[in-house]
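Trainee: Pasting a structure here, questions to come.
There are 2 protein chains.
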Amino acid sequence: MSDDQELGITESKEHSTGEWYAEVVQKAGLANYGPEGMSGFIVTRPRGYALWETIQNELDARFKSTGVQNAYFPMLIPESYLEREKDVVEGFDPEVAWVTQGGYEELEERLAVRPTSESIIAPYLSQWIRSYRDLPMRVNQWCSVIRWEATETKPFFRTKEFLWQEGHTAHASEDDAWAETTTRLDQYEELYEDVLAIPILRGKKPEHDKFPGADTTTTVEALMPDGKSVQGATSHYLGQSFAEAFDITFTDEDEDERVAHTTSWGLSWRALGALIMTHSDDQGLVLPPTMAPEQVVIVPIWQEETKDDVLEYAEGIAADLEAAGVRVELDDRDEHNPGFKFNEWELKGVPLRIEIGPNEVDEGTVTLVHRPDGESVGADREGIVDTVHDNFDEVYAKLYAAAEENLTENVREASDRASILGTIGQHGGYVKAPWCGDEDCEATIKEQVAAEIVLVPFEGSESDTEPIHDGETCALCDADAVETAYFARSY
Amino acid sequence: MSDDQELGITESKEHSTGEWYAEVVQKAGLANYGPEGMSGFIVTRPRGYALWETIQNELDARFKSTGVQNAYFPMLIPESYLEREKDVVEGFDPEVAWVTQGGYEELEERLAVRPTSESIIAPYLSQWIRSYRDLPMRVNQWCSVIRWEATETKPFFRTKEFLWQEGHTAHASEDDAWAETTTRLDQYEELYEDVLAIPILRGKKPEHDKFPGADTTTTVEALMPDGKSVQGATSHYLGQSFAEAFDITFTDEDEDERVAHTTSWGLSWRALGALIMTHSDDQGLVLPPTMAPEQVVIVPIWQEETKDDVLEYAEGIAADLEAAGVRVELDDRDEHNPGFKFNEWELKGVPLRIEIGPNEVDEGTVTLVHRPDGESVGADREGIVDTVHDNFDEVYAKLYAAAEENLTENVREASDRASILGTIGQHGGYVKAPWCGDEDCEATIKEQVAAEIVLVPFEGSESDTEPIHDGETCALCDADAVETAYFARSY
Ligand SMILES: [Zn+2]
Ligand SMILES: [Zn+2]
Numbered sequence: 016m017s018d019d020q021e022l023g024i025t026e027s028k029e030h031s032t033g034e035w036y037a038e039v040v041q042k043a044g045l046a047n048y049g050p051e052g053m054s055g056f057i058v059t060r061p062r063g064y065a066l067w068e069t070i071q072n073e074l075d076a077r078f079k080s081t082g083v084q085n086a087y088f089p090m091l092i093p094e095s096y097l098e099r100e101k102d103v104v105e106g107f108d109p110e111v112a113w114v115t116q117g118g119y120e121e122l123e124e125r126l127a128v129r130p131t132s133e134s135i136i137a138p139y140l141s142q143w144i145r146s147y148r149d150l151p152m153r154v155n156q157w158c159s160v161i162r163w164e165a166t167e168t169k170p171f172f173r174t175k176e177f178l179w180q181e182g183h184t185a186h187a188s189e190d191d192a193w194a195e196t197t198t199r200l201d202q203y204e205e206l207y208e209d210v211l212a213i214p215i216l217r218g219k220k221p222e223h224d225k226f227p228g229a230d231t232t233t234t235v236e237a238l239m240p241d242g243k244s245v246q247g248a249t250s251h252y253l254g255q256s257f258a259e260a261f262d263i264t265f266t267d268e269d270e271d272e273r274v275a276h277t278t279s280w281g282l283s284w285r286a287l288g289a290l291i292m293t294h295s296d297d298q299g300l301v302l303p304p305t306m307a308p309e310q311v312v313i314v315p316i317w318q319e320e321t322k323d324d325v326l327e328y329a330e331g332i333a334a335d336l337e338a339a340g341v342r343v344e345l346d347d348r349d350e351h352n353p354g355f356k357f358n359e360w361e362l363k364g365v366p367l368r369i370e371i372g373p374n375e376v377d378e379g380t381v382t383l384v385h386r387p388d389g390e391s392v393g394a395d396r397e398g399i400v401d402t403v404h405d406n407f408d409e410v411y412a413k414l415y416a417a418a419e420e421n422l423t424e425n426v427r428e429a430s431d432r433a434s435i436l437g438t439i440g441q442h443g444g445y446v447k448a449p450w451c452g453d454e455d456c457e458a459t460i461k462e463q464v465a466a467e468i469v470l471v472p473f474e475g476s477e478s479d480t481e482p483i484h485d486g487e488t489c490a491l492c493d494a495d496a497v498e499t500a501y502f503a504r505s506y
Numbered sequence: 016m017s018d019d020q021e022l023g024i025t026e027s028k029e030h031s032t033g034e035w036y037a038e039v040v041q042k043a044g045l046a047n048y049g050p051e052g053m054s055g056f057i058v059t060r061p062r063g064y065a066l067w068e069t070i071q072n073e074l075d076a077r078f079k080s081t082g083v084q085n086a087y088f089p090m091l092i093p094e095s096y097l098e099r100e101k102d103v104v105e106g107f108d109p110e111v112a113w114v115t116q117g118g119y120e121e122l123e124e125r126l127a128v129r130p131t132s133e134s135i136i137a138p139y140l141s142q143w144i145r146s147y148r149d150l151p152m153r154v155n156q157w158c159s160v161i162r163w164e165a166t167e168t169k170p171f172f173r174t175k176e177f178l179w180q181e182g183h184t185a186h187a188s189e190d191d192a193w194a195e196t197t198t199r200l201d202q203y204e205e206l207y208e209d210v211l212a213i214p215i216l217r218g219k220k221p222e223h224d225k226f227p228g229a230d231t232t233t234t235v236e237a238l239m240p241d242g243k244s245v246q247g248a249t250s251h252y253l254g255q256s257f258a259e260a261f262d263i264t265f266t267d268e269d270e271d272e273r274v275a276h277t278t279s280w281g282l283s284w285r286a287l288g289a290l291i292m293t294h295s296d297d298q299g300l301v302l303p304p305t306m307a308p309e310q311v312v313i314v315p316i317w318q319e320e321t322k323d324d325v326l327e328y329a330e331g332i333a334a335d336l337e338a339a340g341v342r343v344e345l346d347d348r349d350e351h352n353p354g355f356k357f358n359e360w361e362l363k364g365v366p367l368r369i370e371i372g373p374n375e376v377d378e379g380t381v382t383l384v385h386r387p388d389g390e391s392v393g394a395d396r397e398g399i400v401d402t403v404h405d406n407f408d409e410v411y412a413k414l415y416a417a418a419e420e421n422l423t424e425n426v427r428e429a430s431d432r433a434s435i436l437g438t439i440g441q442h443g444g445y446v447k448a449p450w451c452g453d454e455d456c457e458a459t460i461k462e463q464v465a466a467e468i469v470l471v472p473f474e475g476s477e478s479d480t481e482p483i484h485d486g487e488t489c490a491l492c493d494a495d496a497v498e499t500a501y502f503a504r505s506y
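Protein sequence lines, in the order shown, are assigned to chains W and Y. Numbers given in my numbering equal positions in the first sequence, counted from 1, plus 15. Numbers given in my numbering equal positions in the second sequence, counted from 1, plus 15.
Now the structure itself:
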């Protein structure tokens, strides 16, 4: 292993979250910064990419079981195609990387490296869709996109190039398209809650912060331990505006020509950022067993005279676990002592450690240690596969519970400007407040504590259980409140 | 489905192979041409992308079971990084797409959209590798690359942007690196022969046609029905030249600093081109069951009074097959007659059709029809899963046998210029000839019949069984022959 991995984490999650995050990403071997002259780009190392692959597999299976097919569209988009979005979006002005030369020639028209693919996918949907029998049509693409924003790099959170999936669908009716929008939001929620061990809030973005041209942008938001919100994924009901601009029409059962309703939805590797940020600690990366490339590490502890017995016993356990499909690593390296190994695997986020010494061999037992809190559990060798699965469940539950506690403790209410500012300033987290719907009312909060409205509940969303705005006045002006705004600082 | 799919193939595979290929790709719904102004780019539609996903799954599993990890590197590479390859490759001059503007700013240094990633991966391997314990190090990336060549577009064969995987590895010794090179070539061969039903020839490229900077470029070559060879994948032993240029060194067990030996290996979606070209016919796409998104289509044939019984019977069979993991489609559409359905599924390449009419219901049987040759087989309803699997094997064997016959019939020998030219001109295929190793001797063949040396046998390769050059003279000059050259026209 390279030198940097032999050193532990030096920054504190609580006191210097940004530096701590960067250190965990580097030292757990997840990513490196891009080469000189390429600020904003990162290299995703195998341990980081394996996490992305797990997310891909989990989401892709859900997409496919609900009618989505993958496809691949060109990574370059002619400027004139992007400009067609001006029909949809006033003032559309993409900050993108432009290809202007091909080989030795200047191109006649600049080509954008895709910042998102609506403008190149929509014309093909238009071509492929003829009749109602072709609907719904759903395509998804896993790819990388570039957005040329000059901000400080934060691996997986803020990078000029990032990996994501973008789904694009067309439907015969608003109801169908809206059902699609919420189906994808449900799947994103499942990913966060059942795979990443991160509880989320569902909502929609306020009108002024929608995806340009969308009718409704829905979102899942996750609260990070530093009190900031992460937009975990978005699912847009685009209405008919894109379909009109790009001529996505179909012949209905009565042979009438109709305009389709479209959606798009995406999740990026920012989900990895949320995963790392939420669970990790001052010893390094922490991963739920659902995500960990190695779910169990077995560390044998031997003296010269017990080595053979201990190793044989450990190998038997590793074999049993592997046969049961558990991702297990037996760390039988001679050159490092157990303490060094504990630290290294803790740094890398392995959720469960099995320690085996002569006592365990004599007694036919094992000692299991949970990564998140160091809890140590004795168990019989017999039934090791069930035991390990039970402990996975326990570790997952611990991680989820901690994140859930952070979330529920940090949703607060406020009904005037001073308490919004004060609450955000003191606690971070979400502040619910009655809101008139006017962007101007958000502006002062943004200026003073850098918080914005990250979501408003929408009908049927969980965050809609207690509408607090009935009969109330906007917390920020004299107008009547029409919805509940969730203010938060965000990534 | 859109209009174009309701029409069959109009071109002839034998008489207008190029046009026929383009028509099959379009009408089977595999790909469309890129938008106006984007010649050389294609849109890979869901049915085409599903084929690529199967190749990815097959190869990725083989790679991972032999120590390869996936990673992801930036898609843009600074020009100065590419130029470091000049240390390795004299006259290196990439025909690439250049990003020169980011947002509203001119970049200080042009960035190439990756044409291949050696120059950005090697510096990181250099950084990650410290000691012999870090070796072998193997990373692979699935991505798209752009090569700005202005040639006629042929989907999957010739496109400016294409999908591929590129593996990059570093090793402590030449032996290890060479073993890696052949391991990957073995896996490519397996993919072709066991998954794509295409027999291949293994060999290495002549010195003058190696990957720039490589010590040895090995290749798998597949013969298309039109007599041209397709370079199916390549695996390069790079020697120490890249490691020296990019400083990939390690400390060995004696604490001495040593230079690593590296390899790279890649397979692109050209494999899809070979697949489509090899097996398809004048009725459309033909796929082996290993590759087909739908392996079986069930077409029920009913009259009004038998409809319920036939459908119920068909549904039972579909359920049994699906439960057994067979990818089955029951085509119970009312609006089309069975003949229309037969044609449509033949166009789309479904390898096995099950026809079910009232007779089959009464007798407890099914009728199975093989896509490649239309052979019709009666079988009992009982044991349908085993029957279908047996028929998959038969269909696969038929496809492989036909391709193998084409290959074995079209490897010919020649010992002088006239017979090389004549044989290529008359038959196409491969012509084996004794060769002195001089590029000049290839030049005249290239000029006159557009054929080149696509491979020479290397030790241990199958094509090395009969060295014909012993004691012979070069077929093209007076020098002694030192190897056997395989001449062919190629894609
Ligand atoms: Zn207000
Ligand atoms: Zn010669």
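By construction, the Cβ of each residue, glycine as well, lies at the ideal position given by its N, Cα and C atoms.
Take the Cβ of W/Glu189 as the centre, count every other Cβ of all protein chains shown within 10 Å, and call the residue buried at 16 or more, exposed below.
Mentor: By the neighbour-count rule (16 or more Cβ atoms within 10 Å), W/Glu189 is not buried but exposed.
Trainee: Excluding five sequence neighbours on each side, which residues of the same chain lie with their C-beta closer than 7 Å to the C-beta of Y/Leu282?
Mentor: The answer, listed in chain order, is Leu74, Trp179, Gln180, Tyr203, Ala248.
Trainee: To the nearest angstrom, how far is it from the Cα of W/Gly379 to the Cα of Y/Val311?
Mentor: If you take the alpha carbons of W/Gly379 and Y/Val311, they lie about 52 Å apart.
Trainee: Would you mind working out which of Y/Gly242, Y/Lys101, Y/Asp323 sits nearest Y/Val464, comparing C-alpha positions?
Mentor: Of the candidates Y/Gly242, Y/Lys101, Y/Asp323, the one whose C-alpha sits nearest the C-alpha of Y/Val464 is Y/Gly242.
Trainee: CB-CB under 7 Å to Y/Glu26, same chain, minus the five flanking residues each way: which ones, in chain order?
Mentor: Once the five neighbours on either side are set aside, the close Cβ partners of Y/Glu26 are Glu34, Trp35, Glu38.
Trainee: For W/Thr115, which residues of its own chain have a beta-carbon under 7 Å away from its beta-carbon, when the five flanking residues on both sides are left out?
Mentor: Glu121, Leu122, Arg125, listed in sequence order.
Trainee: Compare the C-beta of Y/Asn47 with all C-beta atoms of chain W and state if any pair is closer than 8 Å.
Mentor: It does; some Cβ of chain W falls within 8 Å.
Trainee: Name the two residues that bound the continuous beta strand (DSSP E) containing Y/Asp395.
Mentor: Y/Asp395 -> beta strand (DSSP E) spans 391–395.
Trainee: Just to confirm my understanding: we take Y/Ala500, look at its own chain, exclude 5 residues before and 5 after, and list those with CB closer than 6 Å. What are they?
Mentor: Around Y/Ala500: Ala448, Trp450, Ile468, Val471.
Trainee: Apply the 10 Å Cβ neighbour rule to Y/Asp346 and answer buried if 16 or more other Cβ atoms are within range, or exposed otherwise.
Mentor: Buried, by the Cβ-count rule.
Trainee: I need the DSSP call for W/Glu164, collapsed to helix, strand or coil.
Mentor: In this structure, W/Glu164 counts as coil in the three-state DSSP scheme.
Trainee: Y/Gly389 and Y/Ile316: beta carbons closer than 8 Å?
Mentor: Cβ distance not < 8 Å, so Y/Gly389 and Y/Ile316 don't count as in contact.
Trainee: Pick out the complete beta strand (DSSP E) segments inside the segment 96–166 of chain Y, 3 residues or longer, and give them in chain order.
Mentor: Those beta strand (DSSP E) runs which fall completely within the segment 96–166 of chain Y and span 3+ residues are 112–117, 120–128, 152–161.
Trainee: Assuming the contact rule is C-beta atoms closer than 8 Å, W/Arg285 and W/Val245 should be a hit. Round their C-beta distance to whole Å, please.
Mentor: W/Arg285 to W/Val245, Cβ: 7 Å. Contact.
Trainee: On a Cα-Cα basis, can you pick out the residue from Y/Trp67, Y/Asp377, Y/Cys158, Y/Lys79 that is closest to Y/Leu302?
Mentor: Among Y/Trp67, Y/Asp377, Y/Cys158, Y/Lys79, the Cα nearest to that of Y/Leu302 belongs to Y/Trp67.
Trainee: Let me make sure I understand the geometry here. Which of Y/His223, Y/Asp230, Y/Arg199 has the alpha-carbon closest to that of Y/Arg217?
Mentor: The shortest C-alpha separation from Y/Arg217 is found at Y/Arg199.
Trainee: Kindly list, in the order they appear in chain Y, the residues whose Cβ is closer than 7 Å to that of W/Val9.
Mentor: Nothing can be reported for residue 9 of chain W, as the shown portion of chain W is limited to 16 through 506.
Trainee: Below 8 Å on C-beta distance, what does Y/Gly340 contact in chain W?
Mentor: Going along chain W, no residue has its Cβ under 8 Å from Y/Gly340, so there is no contact; the nearest lies around 15 Å.
Trainee: So within the segment 223–287 of chain W, which uninterrupted alpha helix (DSSP H) runs reach at least 4 residues, ignoring any that extend past its ends?
Mentor: Whole alpha helix (DSSP H) segments, 4+ residues: 256–260.
Trainee: Pull the bridge partners of W/Phe177 from the DSSP assignment, please.
Mentor: Partner(s): W/Val160.
Trainee: Quick one: what does DSSP say W/Lys461 is sitting in, helix, strand or coil?
Mentor: Of the three classes helix, strand and coil, the one that applies to W/Lys461 here is helix, per DSSP.
Trainee: Count the other C-beta atoms from every protein chain shown that fall within 10 angstroms of the C-beta of W/Asp18, then say buried if there are 16 or more, exposed otherwise.
Mentor: In this prediction, W/Asp18 scores a pLDDT of 43, lower than 50, which makes its location untrustworthy; no coordinate-derived value is stated.
Trainee: Okay, do the segment 82–93 of chain Y and the segment 132–147 of chain Y touch, 3+ Cβ pairs below 8 Å being the bar?
Mentor: A contact exists between the segment 82–93 of chain Y and the segment 132–147 of chain Y.
Trainee: Give the straight-line distance between the Cα atoms of Y/Glu270 and Y/Thr277, rounded to the nearest whole angstrom.
Mentor: Cα-Cα distance, rounded: 20 Å.
Trainee: According to DSSP, simplified to helix, strand and coil, what is W/Gln20?
Mentor: Residue placement at W/Gln20 cannot be trusted, given a pLDDT of 46 that sits under 50; what the coordinates show is reported in the next sentence. Helix.
Trainee: Could you check whether the segment 77–89 of chain W touches the segment 148–166 of chain W, counting it as contact only if at least three pairs of C-beta atoms, one from each stretch, sit closer than 8 Å?
Mentor: Touching, yes, given that three or more Cβ pairs across the two stretches are closer than 8 Å.
Trainee: Pull up the distance between the alpha-carbon of W/Arg432 and that of W/Ile136, whole angstroms please.
Mentor: Taking the straight line joining both Cα atoms gives about 44 Å.
Trainee: Would you verify that the beta carbon of W/Met292 is, or is not, closer than 8 Å to some beta carbon of chain Y?
Mentor: By this cut-off, W/Met292 is not an interface position.
Trainee: Helix, strand or coil, according to DSSP, for Y/Gly182 in the structure here?
Mentor: It is a strand residue.
Trainee: With a threshold of 8 Å between beta-carbons, can Y/Tyr147 be considered close to chain W, or not?
Mentor: No, its Cβ sits nowhere closer than 8 Å to a Cβ of chain W.
Trainee: Pick helix, strand or coil for W/His30, following the three-state DSSP scheme.
Mentor: Correct three-state label for W/His30: coil.
Trainee: Classify Y/Asp230 as buried or exposed, calling it buried when 16 or more other Cβ atoms lie within 10 Å of its own Cβ.
Mentor: So Y/Asp230 ends up on the buried side.
Trainee: Kindly confirm or deny that the segment 209–228 of chain Y and the segment 409–426 of chain Y touch, where touching means at least three C-beta pairs closer than 8 Å.
Mentor: Touching, yes, given that three or more Cβ pairs across the two stretches are closer than 8 Å.
Trainee: Using beta carbons (cut-off 8 Å, strictly below), is Y/Ser17 in contact with chain W?
Mentor: The pLDDT assigned to Y/Ser17 is 42, lower than 50, so where the model puts this residue is not dependable, and the model offers no usable value.
Trainee: Show which residues of chain W have a CB atom less than 7 Å away from the CB atom of Y/Pro93.
Mentor: Per Cβ cutoff of 7 Å: Pro50, Gly52, Met53.
Trainee: Can you grab the Cα-Cα spacing for the pair W/Arg60 / W/Ala394, in whole Å?
Mentor: In a straight line, the C-alpha of W/Arg60 is about 35 Å away from that of W/Ala394.
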